[in-house]
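Visitor:
Protein chains in written order, with this note's numbering: chain X, 96 to 365; chain Z, 94 to 207.
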């Protein structure tokens, strides 16, 4: 029984209507309409929204955001989906808002020849309100454990490099990038990896520089031309369902402050 | 033994009362992911003359209550929240993006006559 375009429930609106009917005059009817509009504006301002959210059925809640909420609310660490997750004290100490973004999938391939293929991720950050200052950002990638082919191969590893794309990708030739973060990881563990991409995100938001996205490069060590490409989940795997990809796809997380209230200090459970 | 009955007038004095806000009651459960609701509490009760220490009043409220005792056209002090705390909310914004935000002054921690 609610009006889905408004934050004020239909019952509340009816109540105002009844009150104005009792009052009688048309002039009062206009006044109550104004009053409702003002109240709605206050609610939207309180939540930092431009209009009432009307989520689509396809909206996905990343498990990381739910885990962050649970940690923030003081829930037991055993209730987390990622039990290895640690609360990002440093990032949240200067932020009161955490936002998550999935990339625009249709723009992910980088053109041109390259020794090691790179995948580009373009994140649309235009929904971040102008009054919000981003203090840090991380790119989270999921990597799956690979079956051992031989003891020597099992001891091998992957290097994951994260770059900022500095100029629009050319039709041919190498793309200009700058390295943001790098990590050496072993094949035999399934877990999320978090990379600091704050310099790029701050450049796009605070310095208002164009956002050409991030590029991810995964290199097996020692080099292995075929096989371990699906170790790091940077693209959709066709045999697997959309649900799996929706939860395992790369995630950009921004930590920001809107200038109101305190930072996300973690609550102790009572 | 008989239960100890608190004097009736104390029950009416300004204090904090339970108020659970269920987001589905106000139709917000489609965009707020967590929590499903929260204890917001509210303040209600009388601010009688003379104001007791536990009613957490201001000098102004004490004087206003005194004036009310001699002139009923001046109202008594109001029972209002004097201390509030924050909650975190996980929600989908107007662009279908998932946001975790800390909202100040959402829960009444203490009430007083002001």
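Even glycine gets a Cβ: it sits at the ideal position worked out from N, Cα and C.
Listed from N- to C-terminal order along the chain, which residues in the stretch 138-167 of chain X have their beta-carbon within a distance smaller than 9 Å of any beta-carbon of chain Z?
Guide: Cβ contacts with chain Z come from 141, 142, 143, 144, 145, 146, 147, 148, 149, 150, 151, 153, 154, 155, 156, 157, 160, 161, 163, 164, 165, 167.
Visitor: For the stretch 96-183 of chain Z, list the beta strand (DSSP E) runs that are entirely contained and at least 3 residues long, ordered along the chain.
Guide: The qualifying runs are 108-110, 113-115, 125-127, 130-132, 135-137.
Visitor: Please return the same chain residues whose Cβ sits closer than 8 Å to the Cβ of residue 167(Z), not counting the five positions on each side in sequence.
Guide: Answer for residue 167(Z): 157, 160, 161, listed in chain order.
Visitor: With a threshold of 8 Å, are at least 3 pairs of Cβ atoms found where one atom belongs to the stretch 172-192 of chain Z and the other to the stretch 131-150 of chain Z?
Guide: Touching, yes.
Visitor: Confirm, please, whether the CB-CB distance from residue 298(X) to residue 290(X) is below 9 Å.
Guide: Not in contact: residue 290(X) and residue 298(X) (Cβ atoms no closer than 9 Å).
Visitor: Once you ignore the five residues that flank residue 347(X) on each side, which residues in its own chain have a CB closer than 6 Å to its CB?
Guide: Result list for residue 347(X): 196, 218, 234, in chain order.
Visitor: Using a Cβ-Cβ distance cut-off of 9 Å, determine whether residue 130(Z) contacts chain X.
Guide: Chain X contact via Cβ: absent.
Visitor: Rounding to the nearest angstrom, what Cα-Cα distance links residue 317(X) and residue 240(X) in this structure?
Guide: Distance between the alpha carbons of residue 317(X) and residue 240(X) is about 17 Å.
Visitor: Considering just the uninterrupted stretch of the alpha helix (DSSP H) at residue 164(X), what are its terminal residues?
Guide: Residue 164(X) -> alpha helix (DSSP H) spans 158-167.
Visitor: Give the DSSP-derived three-state secondary structure of residue 117(X) in the structure shown.
Guide: If DSSP states are grouped into helix, strand and coil, residue 117(X) belongs with the helices.
Visitor: Output, in chain order, the set of chain X residues within a Cβ distance shorter than 7 Å of residue 123(Z).
Guide: Those within 7 Å of residue 123(Z) in chain X are 150.
Visitor: Is it right to say residue 227(X) is buried, meaning 16 or more other beta carbons lie within 10 angstroms of its own, or is it exposed?
Guide: Per the 10 Å Cβ criterion, buried.
Visitor: Closer than 9 Å by beta-carbon distance: list the chain X residues that pair up with residue 112(Z), in chain order.
Guide: Result: empty, since nearest Cβ-Cβ is about 16 Å, beyond 9 Å.
Visitor: Secondary structure at residue 199(Z), three-state DSSP: helix, strand or coil?
Guide: If DSSP states are grouped into helix, strand and coil, residue 199(Z) belongs with the strands.
Visitor: Per DSSP, residue 277(X) is paired with what?
Guide: Looking at the DSSP assignment, residue 277(X) forms a beta bridge with 256(X).
Visitor: Note down, in chain order, each residue of its chain lying with its Cβ closer than 7 Å to the Cβ of residue 216(X), except the 5 sequence neighbours on either side.
Guide: Answer for residue 216(X): 198, 203, 308, 309, 311, 345, listed in chain order.
Visitor: Any idea if residue 113(Z) is buried or exposed, counting beta-carbon neighbours within 10 angstroms, 16 or more meaning buried?
Guide: When all chains shown are included, residue 113(Z) counts as exposed.
Visitor: At least one CB of chain X closer than 9 Å to the CB of residue 195(Z): is that the case?
Guide: True, the Cβ-Cβ gap to chain X drops below 9 Å.
Visitor: Helix, strand or coil for residue 356(X), going by three-state DSSP, please let me know.
Guide: Residue 356(X): coil per DSSP, three-state reduction.
Visitor: Measuring alpha carbon to alpha carbon, tell me which residue in 142(X), 193(X), 182(X) is nearest residue 196(Z).
Guide: Checking every option, the nearest Cα to that of residue 196(Z) belongs to 142(X).
Visitor: Do you know how far the Cα of residue 125(Z) is from the Cα of residue 143(Z)?
Guide: For residue 143(Z) and residue 125(Z), the distance between alpha carbons rounds to 44 Å.
Visitor: Below 7 Å between beta carbons is the criterion; list the residues of the stretch 292-312 of chain X that meet it against any residue of chain Z, in chain order.
Guide: From the stretch 292-312 of chain X, no residue has a Cβ closer than 7 Å to chain Z.
Visitor: Determine the burial state of residue 205(Z): buried for a count of at least 16 other Cβ atoms within 10 Å of its Cβ, exposed for fewer.
Guide: Label assigned to residue 205(Z): buried.
Visitor: Can we say the stretch 258-273 of chain X touches the stretch 155-174 of chain X, given the rule of at least three CB pairs closer than 8 Å?
Guide: No, the stretch 258-273 of chain X is not in contact with the stretch 155-174 of chain X.
Visitor: Looking at chain Z, is there any beta carbon in it that lies within less than 9 Å of the beta carbon of residue 345(X)?
Guide: Answer no: the Cβ-Cβ gap between residue 345(X) and chain Z never drops below 9 Å.
Visitor: Closest by CA to residue 303(X), which one among 220(X), 200(X), 131(X), 342(X)?
Guide: The residue with the shortest Cα to Cα distance from residue 303(X) is 220(X).
Visitor: Tell me whether residue 294(X) sits in a helix, a strand or coil according to DSSP, three-state version.
Guide: Helix, per DSSP.
Visitor: Between the C-alpha atoms of residue 154(Z) and residue 155(X), what's the straight-line distance to the nearest angstrom?
Guide: Distance between the alpha carbons of residue 154(Z) and residue 155(X) is about 51 Å.
Visitor: For residue 107(Z), I'd like the list of residues in its chain whose CB is within less than 6 Å of its CB, leaving aside the five on either flank, ordered along the chain.
Guide: Correct list, in chain order: 138, 140, 148, 172, 204, 206.
Visitor: Taking the straight line between their C-alpha atoms, what separation do you get for residue 280(X) and residue 123(Z)?
Guide: C-alpha separation (whole angstroms): 39 Å.
Visitor: Could you check whether residue 358(X) and residue 188(X) sit closer than 9 Å to each other, using their CB atoms as the reference points?
Guide: Taking 9 Å as the Cβ cut-off, residue 188(X) and residue 358(X) qualify as a contacting pair.
Visitor: Counting C-beta neighbours from all protein chains within 10 Å, is the total for residue 284(X) 16 or more, i.e. buried, or is it exposed?
Guide: Residue 284(X) comes out exposed.
Visitor: Using only CA atoms, which one of 230(X), 354(X), 117(X) lies nearest to residue 294(X)?
Guide: Nearest C-alpha to residue 294(X): 230(X).
Visitor: Give me the Cα-Cα distance between residue 263(X) and residue 127(X), rounded to the nearest whole angstrom.
Guide: About 52 Å.
Visitor: Report yes or no: is there a C-beta of chain X within less than 9 Å of the C-beta of residue 187(Z)?
Guide: Interface residue, yes.
Visitor: Run down chain Z in chain order and give the residues with a C-beta less than 7 Å from the C-beta of residue 222(X).
Guide: Residues of chain Z passing the Cβ test: 186, 188, 190.
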